[in-house]
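Colleague:
Chains as they are written, first to last, in the working numbering: chain A, 1 to 236; chain B, 1 to 236; chain C, 1 to 236; chain D, 1 to 236.
#1: Do you know whose CA, among C:169, C:190 and C:205, lies nearest residue 31 of chain C's CA?
#2: Exposed or buried, residue 222 of chain D, counting other C-beta atoms within 10 Å across all chains shown (16 or more means buried)?
#3: Which residue marks the beginning of the alpha helix (DSSP H) containing residue 20 of chain C, and which one marks its end?
#4: Going by DSSP in three states, residue 202 of chain B sits in which element: helix, strand or coil?
#5: Determine, using beta carbons only, whether residue 132 of chain A and residue 68 of chain A come nearer to each other than 8 Å.
#6: For chain B, check one thing: does any of its Cβ atoms lie closer than 8 Å to the Cβ of residue 220 of chain D?
#7: By the three-class DSSP mapping on this structure, what secondary structure does residue 178 of chain C have?
#8: Look at the alpha carbon of residue 79 of chain C and the alpha carbon of residue 63 of chain C, and state the distance between them as a whole number of angstroms.
#9: Please identify, using Cβ separations under 8 Å, the residues of the stretch 109 to 132 of chain D that lie next to chain C, in order along the chain.
#10: Give me the Cβ distance between residue 228 of chain D and residue 29 of chain D, rounded to the nearest whole Å; I'm assuming they're in contact under 8 Å.
#11: List the residues of chain C whose Cβ lies closer than 7 Å to the Cβ of residue 68 of chain A, in chain order.
#12: Taking C-beta pairs closer than 8 Å, name the residues in chain B that residue 203 of chain D reaches, listed in chain order.
#13: Looking at C-beta atoms only, is the number of pairs between the stretch 211 to 218 of chain B and the stretch 204 to 214 of chain D that lie closer than 8 Å three or more?
#14: What residue ranges within the stretch 19 to 76 of chain C form continuous beta strand (DSSP E) runs of no fewer than 3 residues, ordered along the chain?
#15: Specify the secondary structure class of residue 110 of chain D as computed by DSSP and reduced to three states.
#16: Less than 6 Å between C-beta atoms, sequence neighbours within five positions excluded: which residues of the same chain meet that for residue 24 of chain C?
#17: Would you mind stating whether residue 33 of chain B and residue 163 of chain B have Cβ atoms separated by less than 8 Å?
#18: Give the range of the alpha helix (DSSP H) segment to which residue 89 of chain B is assigned.
#19: Does the stretch 97 to 111 of chain D touch the stretch 43 to 50 of chain D, meaning 3 or more C-beta pairs lie closer than 8 Å?
#20: So, are the CB atoms of residue 40 of chain A and residue 66 of chain B less than 8 Å apart?
#21: In the DSSP assignment, find the unbroken alpha helix (DSSP H) run with residue 166 of chain B in it and report its ends.
#22: Just to confirm my understanding: we take residue 119 of chain C, look at its own chain, exclude 5 residues before and 5 after, and list those with CB closer than 6 Å. What are they?
#23: In chain order, what residues of the same chain lie with their CB nearer than 8 Å to the CB of residue 185 of chain D, ignoring the 5 residues before and after it?
#24: Kindly indicate which three-state DSSP category residue 233 of chain A falls into: helix, strand or coil?
#25: Restricting to Cα atoms, I'd like to know which of D:192, D:166 and D:226 is closest to residue 14 of chain D.
#26: If we cut at 8 Å on Cβ distances, does residue 87 of chain C have a partner in chain D?
#27: For residue 193 of chain D, which residues in chain B fall below 9 Å Cβ to Cβ?
#28: Just mark residue 85 of chain A as buried or exposed, buried being the case when its beta carbon has 16 or more other beta carbons within 10 Å.
#29: So what's residue 100 of chain B in DSSP terms, helix, strand or just coil?
#30: Would you report the Cα separation of residue 225 of chain C and residue 21 of chain B, rounded to the nearest angstrom?
#31: For residue 3 of chain A, name the three-state secondary structure that DSSP assigns.
#32: Are the Cβ atoms of residue 87 of chain B and residue 76 of chain A separated by less than 8 Å?
#33: Suppose contacts are defined by Cβ-Cβ distances below 8 Å. Is residue 55 of chain D in contact with residue 93 of chain D by that definition?
#34: Taking a cut of 8 Å between CB atoms, which residues from the stretch 42 to 59 of chain D lie near chain C?
Printed below as a string of structure tokens:
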């Protein structure tokens, strides 16, 4: 199965440059376990609870993207992602957790793991320190990686009824999320074009962009790793 | 007609403390002219064009509010306002301008007047420098003032058919905008309660909050004044 | 007298592109009055008081420049400017005002004029929205313009003893300030080289950079104009 | 030996509320090893290299503190700390590393460990999200903790000549650093007084401030733990 670039050659180039970190992220044992159903339930639940915290900061990051633009089309795309994240996605997340026996109060009391904290604050800071492109490049591994993972697992697993993580896979493989990836791809290309031009890898900024993307991939892999840990690194 | 506080005693207290600046804003000659229909068309059009620029930064400010929170309900409210501003409101604005013969290209080429620039950047900086409450207090005169003006003009003018600014008045007097004001009121009260407590005017922050609110009222009045100016202060 | 570019061809190019706004700023009637001594004292004092407020936000902007970098040499240069502004320059400013009969308490009670507010918040927002280069380009007209004005007035006026504004002119014409301009020039070139490359005017960012520089020149001219106004635009 | 509060009852109260996390930080095995000289050299060197990266972001955070204030005395204190960090402290750090055989080029090529990244970006984000007090509370464990550790190790160890970490201990126990702690204490008290009032623990913000302080203590402990790890968690 050919990996897509969701309409963003820039994403393709970054992924190509950070091949090792990208593969360690999208082929992480946690992902393998999601795909073949072997992932232990407690690991999945730990991940779900931290993903709730992640979603809050992911929304903040997309909102920051709005505040860092003054182009209407860009702002519209980023604001729609921010609202969808904190509204629909969050409600879905809360419902999923409820179905697993974690009620909203328990979710809200989740103690943030260091991996969640590191990843989310890194993204926000990329936006504070740099411009909109730096922020989007920090957000790219999450946005596109889940798309790639979802599409691949759906294609390879063919999801038998009763697959324990079938719903998770279907939600990222589905047209809603895949469309989102294309929206982000279009947004990223447009922003790169107006801030750098067509040949981004020839820009003096390229090494910094690669470093940001690479770091975000590693932080995503650490996030999966956090899910796999037998016990919380932090006490409440 | 009794002025409302839209569910926010804090707004009521700020308005009370900044009575002179508030009245100069909501009773500005521009507003009087909107109400009795005497406002010259060219002044209205100048205002409309600058309001397009304002809307971009207003959206950025509400997005910044999302980024400055980590409470789901607050983030949801602020993200919805940000998206509605850059999406629905902006489309409405573009349509209104088109009906006046200003096409979208002309709108996009609008040179920002100093009054627009001063007001919008002041709001953003209130958020950068302070916390979410500082930002909301800087946003309050715009949000609530348009509600108060719309409601008052609709009540006093009784809007005859053919009133030249009837649509403008109706849009701010209507349930959609009045509901938004209540949403902002609820948001502001909640944020003040968690950051200061119930007795905001006794907080040491009170003088700074009053200063912010007062400055925003004055900048709103300057914005109306910009509409009234016979010619652009800036050349393209 | 040949205008310098303080070691920054980028500054030279921006000044060349914004010739009209630049000249309106550096040849403003306020500047002419400073040079030939005809400027009314009350105008100078109004300017001094607002410049006190300006200095606070100018320091904030240079501090923001530090926070937007992670290169040691850049951070060192920007942090030194920030500290010098709020420490030495501010003390000098307070002493100058005291000599004019404005004590520190009166200075601290200065009500910010709209022109001061517009200019300072515009600079901060350029940094919030964009990257370090956007911020430096917004800061450039102030930094380099005062250098150019000081050098020119000192050369043309030959400052007779007893020139009412001789000290002001000498401080910006002197080696301390002229060195600062070269430091800023070197900093701006380095940042442009690492973020865009050598040929900045061919970058797709160029029109935005020009717009930022042009707006800052106009806001500087408005700041002089504020000094010339017969009375405060704002009451305390 | 009685722990000091460096003139900040607020610091004392925060430390009291986060006793477990505070002790885990200041009594960390890494610290014990520094004190009795048993710390392996390679652990110390790993720490030194990461501390170089930390110092860059620590400077950024203090610069952000300047940008988040408009009070001259506060800005002066924070700007002086920012400049001293990136100038004197950084030069000292580079010299110390050079003496250990790590030249500046190697230092600059340091790959940031996840613990360094998590801690530094957490501090910056505390400032972005909240106000100046939130930022100072996130900075407090680093500033005061090193003071407390330095003073305690110097008192208990009585530092024989030839103590392998005698210089490190002396630099934090010495009057320069201890004075800095008092400056930060005074700054924090002043900011808390103007933003909350005298009784900070009764403020509704208290639980959030405690959470920030506690998280920073845990991140500091993780930073020591990173030093103790046998090998890099990240490859270059």
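Cβ coordinates follow ideal geometry from the N, Cα and C atoms, glycine included.
Note that the structure is predicted; figures quoted are calculated from it, not measured.
Modeller: By the coordinates alone:
#1: C:169
#2: Buried: at least 16 other Cβ atoms inside 10 Å.
#3: 19 to 26
#4: helix
#5: Yes; because the gap between Cβ atoms is below 8 Å, this pair is in contact.
#6: no
#7: helix
#8: Put simply, the backbone Cα of residue 79 of chain C is about 6 Å away from that of residue 63 of chain C.
#9: 124
#10: 7 Å
#11: By Cβ distance, chain C contributes 129.
#12: 196 and 197
#13: no
#14: none
#15: coil
#16: 221
#17: No, they are not a contact pair.
#18: It is not in any alpha helix (DSSP H) - residue 89 of chain B carries neither H nor E in the DSSP assignment.
#19: Counting Cβ pairs under 8 Å, three or more are found: they touch.
#20: no
#21: Residues 166 to 173.
#22: 219 and 223
#23: 5, 6, 7, 8, 11 and 144
#24: Annotation note: pLDDT 47 at residue 233 of chain A (below 50); position unreliable, coordinate value reported separately. Correct three-state label for residue 233 of chain A: coil.
#25: D:192
#26: Yes, residue 87 of chain C counts as interfacial toward chain D.
#27: 204
#28: buried
#29: coil
#30: For the pair residue 225 of chain C and residue 21 of chain B, the Cα-to-Cα distance works out to about 24 Å.
#31: coil
#32: yes
#33: yes
#34: 56, 57 and 59
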